[in-house]
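Student:
Number of protein chains: 2
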Amino acid sequence: MTKQTIAFGCIVAMLMSAACGVSNSGDAQKCKGEVVASAYSPDSNVVVNFLLDAQGTPFYSMTFGDKEVIKPSRLGLKLKNEKGLEGGFELESQSVSPFDETWNPVWGEESEIRNNYNQLTVNLKQNDTNRQMSLVFRVYNEGVGFRYEFPDQEKLTYFIVTDELTEFALTGDHTAWWISGDYDTQEYDYTESRLSEIGKLSSSARQDNSSQAFIAPTAVQTALQMKTDDGLYINIHEAALVDYSCMHLVLDEKTMTFKAQLTPDAIGDMAHMQTPCHTPWRTVMVTDDARKTLASRLILNLNEPCKYEDVSWIKPVKYMGVWWEMITNKTHWSYTNDFHSVRIGETDYSKAKPHGRHGANNENVRRYIDFAAANGFDQLLVEGWNQGWEDWFGHTKDDVFDFVSPYPDFDVKALNEYAHSKGIRLMMHHETSASLRNYERHLDKAYQFMVDHGYNAVKSGYVGDIVTRGEHHYGQWAVNHYLYCVKKAAEYHICVNAHEAIRPTGLCRTYPNLIGNESARGTEFESFGGNKPFHTTVLPFTRLQGGPMDYTPGILDTRISFLGDVPHSHANTTLTKQLALYVTMYSPLQMAADIPESYERYNDAFQFIKDVAIDWQKSVYLEAEPGSYLTIARKEKGGESWYVGSITNENPRTATVDLSFLDADANYEATIYADGEGASYDKNPDIYTIKTQQVTNKDVLNIWCAPSGGFAISIKKK
Amino acid sequence: MTKQTIAFGCIVAMLMSAACGVSNSGDAQKCKGEVVASAYSPDSNVVVNFLLDAQGTPFYSMTFGDKEVIKPSRLGLKLKNEKGLEGGFELESQSVSPFDETWNPVWGEESEIRNNYNQLTVNLKQNDTNRQMSLVFRVYNEGVGFRYEFPDQEKLTYFIVTDELTEFALTGDHTAWWISGDYDTQEYDYTESRLSEIGKLSSSARQDNSSQAFIAPTAVQTALQMKTDDGLYINIHEAALVDYSCMHLVLDEKTMTFKAQLTPDAIGDMAHMQTPCHTPWRTVMVTDDARKTLASRLILNLNEPCKYEDVSWIKPVKYMGVWWEMITNKTHWSYTNDFHSVRIGETDYSKAKPHGRHGANNENVRRYIDFAAANGFDQLLVEGWNQGWEDWFGHTKDDVFDFVSPYPDFDVKALNEYAHSKGIRLMMHHETSASLRNYERHLDKAYQFMVDHGYNAVKSGYVGDIVTRGEHHYGQWAVNHYLYCVKKAAEYHICVNAHEAIRPTGLCRTYPNLIGNESARGTEFESFGGNKPFHTTVLPFTRLQGGPMDYTPGILDTRISFLGDVPHSHANTTLTKQLALYVTMYSPLQMAADIPESYERYNDAFQFIKDVAIDWQKSVYLEAEPGSYLTIARKEKGGESWYVGSITNENPRTATVDLSFLDADANYEATIYADGEGASYDKNPDIYTIKTQQVTNKDVLNIWCAPSGGFAISIKKK
């Protein structure tokens, strides 16, 4: 009898009747219900209860071992122009079934992923309407995913969600790492605070952005990472966000209860539904060790298997870009100062006077191609290659770019041929200016243009307010758009890396050509005033739970000049922390974001970026504490080398790297790129040491990290 | 010296300073301004004055001979988040220039159209903002078109119109033929009333429709036809509505002043503008003879010349359809009762049980092909051919149709081949359910599918509320969509006949593959309760001013049964009035809408439909009074035959057909299809006579029209 079947047996025994007996003092609806169904995780440690009160209102609760994680919390939906699916339910039937599979991602942190859960299905019927709704809970060892399902039925075909009532009633005033809720941007600094402090810190936690829609002072975004005073790591997010609007969380400070807050559409509706259908999964991860949170694949597992039969064309990519020089204002995306109003297809660039600072010019791109090819990169991103950058932002412009018209000084044919002759590809850039209709109208031609010129990956961008006007970046309309592009790109064998799009929810399992997303404050903000030193110790717990981020690390010359000689006009990391990010910030798409001159200057440190793998056989989480530090080791796919990254926040620390993950009876050579004595992110970011030593699986390395520092190690089998 | 140059000389002399001296008692802003510029029509009869008051507020006024048509009326725009373009202007410069051309439409009421006007350009500058705006007036013998132009300038690039202040201050309580204002439908019955009665008649003038957005009790739609007590025919409309929202008119009953009311977008904005740009033309036609209004080509002339170099693929079309049998509920668009929820691409129709009433089945379509081909038609429309009709309406469904998936009993390949073998084509049908994004996503494939199967014309439909949600059928967003489809269709050499789309404003001159539109209450409403007997005597003055209507006449069996045996369950015309509509309702796309059985039954009358031309060398407007009667004669293009149509409202009358338009010294044979004695639309619609007589240009025929009757004559040269 397996552990799973034991747990399964327990579940049946668990179906006792137990009053939930919760007594909250706040506004959240109190549960006087009874447990009518339960399920255990395969290891029996996580338990989910489903409850109904006397009015037929559904609730759920959750425990981890003997600790309560989620107190009885309301479930349900309010609907437009009809009675909500929020009460008056009776239990029609329930069932529990185990599931255990192992699958192989096209790319990932490991080559095999186990998907092992027990599923509780609770079928409800609303008595006076005869409408059916099911709650489905998948209980994993590291948490639970649950969703609402609406079967095909006579009494419910189309409905409009005006409010999702899902609550997450927490047990105390946990510590949280959060960004402010917003319907249009995630590019906020994280704040570490008690839950009770979110409201009063809200306004200072919001920085200006190109598109913003405030929700409420206590609104935060998912994935939300928390830690309880008794050592539980709790994470709330969602998985498989498809054809629904994105969920935010609004805290009731009196009850420490988060309530779901969906993203409204142009007329204030939250989701338009057609049965049979279901919501995304709402996820509550819980562990007693932060490393287990990072090791969990719960979000990916809740997504559907890959929909593509042939995935041979999907490859991880290490790339450089004609980009950081624009981000740091050395050159520009635009070509001329002649036009303050551009109409693509009408504005004649052939006669325009170049302003002389256009980055994507033939000569400069050739220089980058030479450098990227010589250093083993796969691709070179070129931004600002196409007409329209003189007049693209801030006016919800409709026909903003056409994605096929290069500037006069960008010879798209010759440059691609040149790149291909050197063994690399150019990477396409599609800034949409958030003009969704315009992008969709040009999409086929734009993708065909890529195929015709030998591109196979595109970085897309959604800067500014969404056009369709009234819609938000995280509403159902835009969510639908992003996936439409990914699926259409697959028809052309193109990989997509979408910036300013919806935050990932594990869809890369199903559509692995979605090789990257931004959806958080990336390295570009190091040039716009800086990210907090602890930023990248938080992201793996939050943003990265849904999928890889195109964080664009590798800024070796951290004294950047975009803002001129003002405080914090530098990356808030040491040089070797930038190297560590290639391991700690998992992505199959890794950029060396700095300019060639910086890599020439720090050529010895650059070696790590050239060496590090971007697809993995296995990952080992050696040390982890959100907001504080991370040490991760990964073994390359198809080889014997390991790479280790370790980072810290503004506090220096000494990391412990237990090499027992190495093969026994084997010898390795480790090259360690570490902060040097006196290094610090704000004063001496580029004091570093590189040393090589022989190691085995018996060794334990203790390596110092400077304030906001870190180290990287490459370990080659001998 | 030509008449035009004389008029031009007069204009210069007109530039006197004259106080406008208007004193209105109502809310409309009073003009205390002075005339600062003027222009005459080529025949000197129509004069437009441009005025500025002491605050720099612009006004215009208009006269016809010695009669005032438009009293000084305000001009200007309110803008979002900035000062409006409504006052503080000074005159920078002005100019008047004559224009005279003759052009040849691809198809039309005549083969040559003269475009002859004097253009007054008034360049204004707003003193405190340095923004520039021009008013351009084109003064024709039958009225004026004017528009706002915004040149390329430093101080004004992007702006958002929140209100267009354009007014039309009328001189009295004119008689008007109007439909209620609405942002989503034009399918209302016309009402004839005094202007002062519009408000109180408003609610009774609105019938239920699939998508409606009420504006205000005194709101009406354009083209609005009026008649003054002293015999002037005044018509307000717009021309060349491109990338702007549609204009409605709201009456201030105290001052008899109409103010422009644009159509809001999802966030309440009226138009998003980028300089250089301009508004559509606002048109005021004025004549002293209703026949001159019908003969005017002012709206077409205000549109730009044809944008296509090759127009050889654009042909007028006479067609039948598998359609009226659905409209009358004999058969249905849908295929099965199995599905209450359909997902295109997922729902499996191959196993569905047919309900047996699907009209677009192979056998039935073949029968229609045989009949249409045998009777000389060009095409056969087939609606309900594609999957999705079980679940397409009323839920703002997004992915509603894919336009390429036929029902199991519609063999698209075989049926097209069969039609082609008989010398005709099938006509495509694309019901979009107003889901604009979905249609655009499928557009290329849908058009390619047409090309692949030999279709070259599509009837598109926009039933229901617009998806993009929050947008209206007549907003800038949707206006942009309709033209996008027309232009893209041209790339595939496809002609478009769009139903429920924006009302035409003469764009068919520029894009002549826009061969039809609905945009008013068509013949289908004869099956849904009936059109008023005077309906088709109004449409040529209103709806048809902007372009042809796919009115779908030819219902010879007027006792239709959709509503069963209830009052008015019949077409409100006699049989021969249906024939007359082929002449009085000009369109290059004419349907014989009835079912084959009806044409077999009334085979002698059917002969006129088979004979009548659909493209014209020349049109002569013999008799016309809006709301009462029309008699029109047209000469076929490329031949010597003439066709005459005459209709009346519910009142019988005897029409006078002066045949002096025929060639002198030639003999003709006329076949007259007329109401018989005792005929009437409501009791004896099918009492008719057909007689043949010899005629010359000396003859004058007096022919009786029954209540809501009419007659048709074909005249062949011998």
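These protein sequence lines map, in sequence, to chains A and B. Going by the working numbering, the letters in the first sequence line up with residues 1399 to 2116, in that order. Going by the working numbering, the letters in the second sequence line up with residues 1399 to 2116, in that order. Backbone N, C-alpha and C fix where the C-beta goes; we use that ideal spot for every residue, glycine too. Note that this is a predicted model, so its numbers are computed, not measured.
#1: Which ranges would you report for the beta strand (DSSP E) in the region 1641-1691 of chain A if only whole runs of at least 3 residues count?
#2: So, using beta-carbon positions, are N2100/B and A2062/B closer together than 9 Å?
#3: Find the nearest neighbour of W1371/B within the set E1702/B, T1653/B, N1607/B and Q1619/B, judged by alpha-carbon distance.
#4: Is the Cβ of G1868/B closer than 9 Å to any Cβ of chain A?
#5: So V2135/B and S1858/B are supposed to be a Cβ contact under 8 Å. How far apart are they, rounded?
#6: Can you tell me where the alpha helix (DSSP H) holding G1597/B begins and where it ends?
#7: In the region 1837-1870 of chain B, which residues sit with their C-beta less than 7 Å from some C-beta in chain A, listed in chain order?
#8: I'd like to know if K1795/B contacts chain A, where contact means its C-beta is closer than 9 Å to some C-beta of that chain.
#9: Would you report the Cα separation of R1604/B and N1836/A, rounded to the nearest angstrom?
#10: With DSSP as the reference, identify every bridge partner of D1561/B, one or two as the case may be.
#11: Counting only the same chain and skipping the five closest in sequence on each side, list residues whose C-beta sits under 7 Å from that of S1996/B.
#12: 9 Å is my cut-off, CB to CB: does W1790/A come that close to chain B?
#13: Are the C-beta of P1674/A and some C-beta of chain B separated by less than 9 Å?
#14: Contact criterion: CB-CB distance below 9 Å. Does D1663/A meet it with respect to chain B?
#15: E1984/A and L1942/A: beta carbons closer than 9 Å?
#16: Is the CB of N1878/B under 9 Å away from at least one CB in chain A?
#17: Please report the Cβ distance between D1667/A and T1560/A, rounded to the nearest whole angstrom; I am assuming they are in contact, meaning their Cβ atoms lie under 8 Å.
#18: Quick check on N1836/B: does DSSP put it in helix, strand or coil?
#19: Once the 5 residues before and after G1821/B are set aside, which same chain residues still bring their CB inside 7 Å of it?
#20: Listing by chain order, which chain B residues have their CB less than 9 Å from the CB of A1550/A?
#21: Which residues of chain B have a Cβ atom closer than 8 Å to the Cβ of E1706/A, listed in chain order?
#22: Identify every residue that forms a DSSP beta bridge with Q2092/A.
#23: Apart from the five residues just before and just after S1917/B, which ones in its own chain have a Cβ nearer than 6 Å to its Cβ?
#24: Report the neighbours of L1555/B on chain A: residues whose CB is nearer than 9 Å to its CB, in chain order.
#25: Apply the 10 Å Cβ neighbour rule to K1751/B and answer buried if 16 or more other Cβ atoms are within range, or exposed otherwise.
#26: Can the beta-carbon of V1884/A be found less than 9 Å from the beta-carbon of Y1909/A?
#27: When you compare the CB of Y1984/A with every CB in chain B, is at least one pair closer than 9 Å?
#28: Restricting to Cα atoms, I'd like to know which of R1592/A, R1472/A, Y1515/A and A1617/A is closest to S1601/A.
#29: By the 10 Å Cβ neighbour count, where 16 or more other Cβ atoms means buried, how is K2116/A classified, buried or exposed?
#30: Cβ atoms of I2012/B and Q1976/B: under 9 Å apart, would you say?
#31: Would you call the CB atoms of T1950/B and A1991/B closer than 9 Å?
#32: Please report the straight-line C-alpha distance between P1662/B and T1677/B, rounded to a whole angstrom.
#33: With a cut-off of 8 Å on the beta carbons, I'd call G1792/A and V1740/A a contact; round off their distance for me.
#34: Which first and last residues belong to the alpha helix (DSSP H) in which S1609/B is found?
#35: Can you say whether N2047/B is buried or exposed, counting buried as having 16 or more other CB atoms within 10 angstroms of its CB?
#36: Go ahead and pull the three-state DSSP assignment for R1545/A.
Tutor: Concretely, from the data shown:
#1: Whole beta strand (DSSP E) segments, 3+ residues: 1645-1650, 1655-1660, 1669-1672 and 1679-1685.
#2: Position 702 of the second sequence holds residue 2100/B. Position 664 of the second sequence holds residue 2062/B. Going by C-beta atoms, N2100/B is not nearer than 9 Å to A2062/B.
#3: Chain B is shown from 1399 up to 2116; residue 1371/B falls before or after that span and cannot be answered.
#4: As a working note, residue 1868/B is residue 470 in the second sequence. Using a CB distance cut-off of 9 Å, G1868/B counts as an interface residue toward chain A.
#5: A query on residue 2135/B cannot be resolved here, the shown segment of chain B reaching from 1399 to 2116 and no further.
#6: Residue numbering aside, residue 1597/B sits at position 199 when the second sequence is read from its first letter. Annotation: the continuous alpha helix (DSSP H) that includes G1597/B extends over I1596 to L1599.
#7: Those would be E1838, R1839, D1842, T1866, R1867 and G1868, in chain order.
#8: One-based indexing of the second sequence puts residue 1795/B at position 397. Yes - at least one Cβ of chain A is within 9 Å of the one on K1795/B.
#9: The residue labelled residue 1604/B in the question sits at position 206 within the second sequence. The residue labelled residue 1836/A in the question sits at position 438 within the first sequence. Roughly 36 Å separates the two Cα atoms.
#10: Here residue 1561/B refers to the residue found at position 163 of the second sequence. DSSP output for D1561/B lists K1476/B as bridge partner(s).
#11: Position 598 of the second sequence holds residue 1996/B. L1954 and D1955.
#12: As a first step, residue 1790/A must be located in the first sequence, where it is residue number 392. False, the Cβ-Cβ gap to chain B never drops below 9 Å.
#13: Locating residue 1674/A in the first sequence gives position 276, where the first residue counts as 1. At least one chain B Cβ lies under 9 Å of P1674/A.
#14: Locating residue 1663/A in the first sequence gives position 265, where the first residue counts as 1. Interface flag for D1663/A against chain B is set, since a Cβ pair is found closer than 9 Å.
#15: Residue 1984/A sits at position 586 when you count from the first residue of the first sequence. Residue 1942/A sits at position 544 when you count from the first residue of the first sequence. The question names Glu, but residue 1984/A in the sequence shown is Tyr. Cβ atoms of Y1984/A and L1942/A: closer than 9 Å.
#16: Working through the second sequence from its first residue, we reach residue 1878/B at position 480. Yes - at least one Cβ of chain A is within 9 Å of the one on N1878/B.
#17: Along the first sequence, one-based indexing puts residue 1667/A at 269. Along the first sequence, one-based indexing puts residue 1560/A at 162. For D1667/A against T1560/A, the beta-carbon gap comes to about 6 Å, under 8 Å, which counts as contact.
#18: Numbered from 1 along the second sequence, position 438 holds the residue referred to as residue 1836/B. The answer is helix: DSSP assigns N1836/B an H, G or I state.
#19: On the second sequence, position 423 is the one that residue 1821/B refers to. So the qualifying residues of the chain are A1771.
#20: Working through the first sequence from its first residue, we reach residue 1550/A at position 152. In the sequence on display, residue 1550/A carries Asp and not Ala. What D1550/A touches in chain B: H1738 and S1739.
#21: The residue given as residue 1706/A occupies position 308 in the first sequence. Per the sequence shown, residue 1706/A should be read as Tyr rather than Glu. Contact note: Y1706/A does not reach chain B at a C-beta cutoff of 8 Å; the least C-beta distance is about 16 Å.
#22: For the purposes of this step, residue 2092/A is taken as the residue at position 694 of the first sequence. Its beta-bridge partners are E2067/A.
#23: Locating residue 1917/B in the second sequence gives position 519, where the first residue counts as 1. Within the same chain, and ignoring the five residues on either side of S1917/B in sequence, the residues whose Cβ sits closer than 6 Å to its Cβ are Q1584 and R1901.
#24: As a first step, residue 1555/B is located in the second sequence; it is residue number 157 there, counting from the start. According to the sequence displayed, residue 1555/B carries Thr and not Leu. Contact of T1555/B with chain A by beta-carbon distance below 9 Å involves H1738, S1739, D1789 and H1793.
#25: By 1-based counting over the second sequence, the position of residue 1751/B is 353. Answer is exposed; the Cβ neighbour count stays below 16.
#26: Stepping through the first sequence from its first residue, residue 1884/A is reached at position 486. Stepping through the first sequence from its first residue, residue 1909/A is reached at position 511. Cβ distance < 9 Å, so V1884/A and Y1909/A count as in contact.
#27: Here residue 1984/A corresponds to residue number 586 of the first sequence, with the count starting at 1. No, Y1984/A lies away from the interface with chain B (no Cβ there is under 9 Å from its Cβ).
#28: As a first step, residue 1601/A is located in the first sequence; it is residue number 203 there, counting from the start. Residue A1617/A is the option with its Cα nearest to S1601/A.
#29: Taking the first sequence and counting its residues from 1, one reaches residue 2116/A at position 718. Label assigned to K2116/A: exposed.
#30: Stepping through the second sequence from its first residue, residue 1976/B is reached at position 578. Stepping through the second sequence from its first residue, residue 2012/B is reached at position 614. Using a Cβ distance threshold of 9 Å, Q1976/B and I2012/B do not count as a contacting pair.
#31: For this step, residue 1950/B is matched to residue 552 along the second sequence. For this step, residue 1991/B is matched to residue 593 along the second sequence. Cβ atoms of T1950/B and A1991/B: closer than 9 Å.
#32: Residue mapping note: residue 1662/B aligns to position 264 of the second sequence, counting from 1. Residue mapping note: residue 1677/B aligns to position 279 of the second sequence, counting from 1. Using only the alpha carbons, I get a separation of about 15 Å.
#33: On the first sequence, position 394 is the one that residue 1792/A refers to. On the first sequence, position 342 is the one that residue 1740/A refers to. With a beta-carbon spacing of about 13 Å, G1792/A and V1740/A fall beyond the 8 Å limit used to define contacts.
#34: The residue given as residue 1609/B occupies position 211 in the second sequence. In the DSSP assignment, S1609/B falls outside any alpha helix (DSSP H), carrying neither H nor E.
#35: The count along the second sequence starts at 1 and reaches residue 2047/B at position 649. Under this definition N2047/B is a buried residue.
#36: Position 147 of the first sequence, counting from 1, holds the residue named residue 1545/A. Under the three-state reduction of DSSP output, R1545/A falls in the strand class.
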